[in-house]
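>
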Amino acid sequence: MKIALIGASGQAGSRILSELSARGHSVTAIARDPAKVASLPDVTAAAGDIEAPDALAKLLEGHDAVISSVHFSASDPGKLLGAVKASGVRRYYVVGGAGSLEVAPGVLLVNTPKFPEIYKSEAQGGVDYLNKLKGEKDLDWTFLSPSAAFGPGERTGTFRLGKDELLTNEHGSSISFEDFAVALVDEIEAPAHVRQRFTVGY
1 MKIALIGASG QAGSRILSEL SARGHSVTAI ARDPAKVASL PDVTAAAGDI
51 EAPDALAKLL EGHDAVISSV HFSASDPGKL LGAVKASGVR RYYVVGGAGS
101 LEVAPGVLLV NTPKFPEIYK SEAQGGVDYL NKLKGEKDLD WTFLSPSAAF
151 GPGERTGTFR LGKDELLTNE HGSSISFEDF AVALVDEIEA PAHVRQRFTV
201 GY
């Protein structure tokens with residue numbers, strides 16, 4: 001497939017880029033500084049910025065799918081969504097956050113007493129963006145939330161999928177960037193959560 005990846009040089013984005021390249025997809029890797037994009041087979045680095053949505057929309061045109069892997073608190077969701085819609089690409093995948101997942105019926109992780117204050121703005125941005133997508137009629141979107149602990153690790157290919165509830169085990173709630181990328185690319189290759197959010201964890 002021909003895929004555009006916004007935020008290709010970031011922590012999650014770079015792992016998604018690597019996974020896409022390893023599976024033979026052709027990727028337009030978009031970053032504000034394309035020099036930071038890894039040099040990989042079938043990857044073309046391109047300069048793009050959410051703050052320039054018209055130019056970004058032009059970059060996205062002609063792709064089979066768009067992935068956005070950007071911080072919610074550092075981007076304008078209206079501009080980002082507008083650029084994707086203006087590009088004419090229907091399939092849209094979002095690297096979400098764990099804050100919008102439920103820890104009990106009707107109780108979001110971001111609203112629990114022990115949720116770190118330093119991450120609240122980003123987490124609430126993810127909640128708001130997911131709610132915005134739920135009303136979106138022009139895109140076949142998918143929002144993938146990681147587990148609570150989301151960081152560098154190994155690509156094991158062994159994990160669980162869930163829907164709207166935070167996944168936990170005896171060690172807590174976690175997923176590596178590498179295995180998150182596997183789950184996301186699996187979904188792109190065999191869509192099972194169109195216009196839905198789902199989650200991945202160990």
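Residue numbering for the sequence shown follows full-length UniProt numbering, beginning at 1 and increasing consecutively. Heads up, the beta-carbon is just placed ideally off N, CA and C, and yes, glycines get one too. Being a predicted model, the structure only gives us computed values, none of them experimental.
Within 8 Å, do at least three Cβ pairs link the stretch 13-20 to the stretch 175-185?
Short answer: they touch.
> Taking F180 as part of the alpha helix (DSSP H), name the residues at either end of that continuous run.
First-last of the alpha helix (DSSP H) with F180: 177-189.
> Among residues of its own chain, excluding the 5 on either side of D128, which ones have a beta-carbon nearer than 8 Å to its beta-carbon?
If we look at D128 and ignore the five residues flanking it on each side, its Cβ neighbours are F72, P77.
> Between the beta-carbon of L130 and the beta-carbon of T199, is there less than 9 Å?
For L130 and T199, no; Cβs fall outside 9 Å.
> Quick check: what's the CA-CA separation for E170 versus D54?
If I take the Cα positions, the gap works out to 47 Å.
> When you compare the CB positions of P146 and A12, do they come within less than 9 Å of one another, or not?
A contact, by the Cβ cut-off of 9 Å.
> Can you find at least 3 beta carbon pairs, one from the stretch 83-102 and one from the stretch 44-59, that sit closer than 8 Å?
Touching, per the Cβ criterion.
> Which term fits E189, buried or exposed, when burial requires 16 or more other beta carbons within 10 angstroms of its beta carbon?
Per the 10 Å Cβ criterion, exposed.
> Given K2, which residues of its chain have a CB within under 6 Å of its CB, disregarding the five upstream and five downstream residues?
Closer than 6 Å at Cβ, skipping near neighbours: S26, H63, D64.
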